[in-house]
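Numbering (the UniProt record's numbering), first residue to last: 1 to 239. All residues carry an ideal CB built from backbone N, CA and C; glycine is no exception. Note that the structure is a prediction, hence the values are computed from the model and not measured.
Set out below in structure tokens:
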């Protein structure tokens, strides 16, 4: 028997449980509801320009405590690495993922709770059951596939009667699916949050440079992993 308060709907993850003739039992009504004090917005952008829109949004939030959600651990790491190459970002952000040691994650969480770090970037799995006071904004860098995931993310803000904002970055082709998803939580309105085109243009040269540094970093990380594997293989052979 498996008990869960947040059972995933992802078929690939359910398959990993290797269940034989599973039977699902649920309690309570299956009704989704967003926090009453939550204000939701969508940001429309081309997929390749998402980092620029994220940077512009974070700068406009002026250091408010925010959580950025990505679709995977790899996406989290890639995004954090890319942001490090933006000059004069003036935003304290940290990666929070299973790729890090527990001691590093604990230090990041303490810094985020105390306000030393304003932005935490992570995937859904790493924030389940985690409560941090004072989170003003939730940013869906990658749009969630299910309303349950959206509610879980959005629920990190607008708590205990406090107001909160939720921003979702998406391509125009995703609008229809996004609206349909929100309707499952009786949400029929999600206005567009406008980002100045002048601001985006001003960041393009920095973005181009950051992308090139990211590519170099990815190649360097791959090379290091290969060296570690070879070294480990040689040690086993010597034994």
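Excluding the five sequence neighbours on either side, which residues of its own chain have a C-beta within less than 6 Å of the C-beta of residue i, listed in chain order?
i, result
"residue 40", "166 and 190"
"residue 147", "32, 181, 184 and 185"
"residue 35", "158"
"residue 199", "56"
Per DSSP, what are the beta-bridge partners of residue i in this structure?
i, result
"residue 273", "In the structure as shown, the chain begins at 1 and stops at 239. Residue 273 is therefore absent and cannot be evaluated."
"residue 96", "122"
"residue 139", "68 and 167"
"residue 76", "According to DSSP, which records beta bridges pairwise, residue 76 is partnered with nothing at all."
"residue 192", "42"
Among the residues of its own chain, which have a CB less than 7 Å from the CB of residue i, if the five just before and after it don't count?
i, result
"residue 86", "55, 206 and 210"
"residue 50", "141 and 169"
"residue 116", "92"
"residue 61", "137"
"residue 208", "none"
What is the C-beta distance between residue i and residue j, in whole angstroms, given that I count them as a contact (C-beta under 8 Å)?
i, j, result
"residue 76", "residue 122", "6 Å"
"residue 195", "residue 43", "6 Å"
"residue 174", "residue 143", "6 Å"
"residue 38", "residue 164", "5 Å"
"residue 112", "residue 132", "6 Å"
"residue 214", "residue 52", "Actually they do not touch by this definition, with Cβ atoms about 14 Å apart."
Count the other C-beta atoms from every protein chain shown that fall within 10 angstroms of the C-beta of residue i, then say buried if there are 16 or more, exposed otherwise.
i, result
"residue 250", "Residue 250 falls outside the range modelled here, since the chain spans only 1 to 239, and no answer is possible."
"residue 126", "buried"
"residue 218", "exposed"
"residue 145", "exposed"
"residue 169", "buried"
"residue 154", "buried"
"residue 188", "exposed"
"residue 134", "exposed"
"residue 161", "exposed"
"residue 108", "buried"
"residue 24", "exposed"
"residue 19", "exposed"
Please list, in chain order, all residues of the same chain as residue i whose beta carbon is under 8 Å from its beta carbon, the five residues on each side excluded.
i, result
"residue 64", "118, 136 and 137"
"residue 178", "42, 143, 168, 170 and 190"
Within 7 Å of any Cβ in chain E, is that where the Cβ of residue i sits?
i, result
"residue 123", "In the displayed structure, chain E is absent; only one protein chain is listed."
Inter-stretch contact (C-beta, 8 Å, three-pair minimum) for the segment 92-105 and the segment 219-227: Look at the beta carbons and you see the segment 92-105 not touching the segment 219-227: under three pairs across the two are nearer than 8 Å.
Three-pair Cβ contact test at 8 Å for the segment 57-72 versus the segment 105-122: Taking a cut-off of 8 Å on C-beta distances, the segment 57-72 touches the segment 105-122, as three or more cross pairs fall below it.
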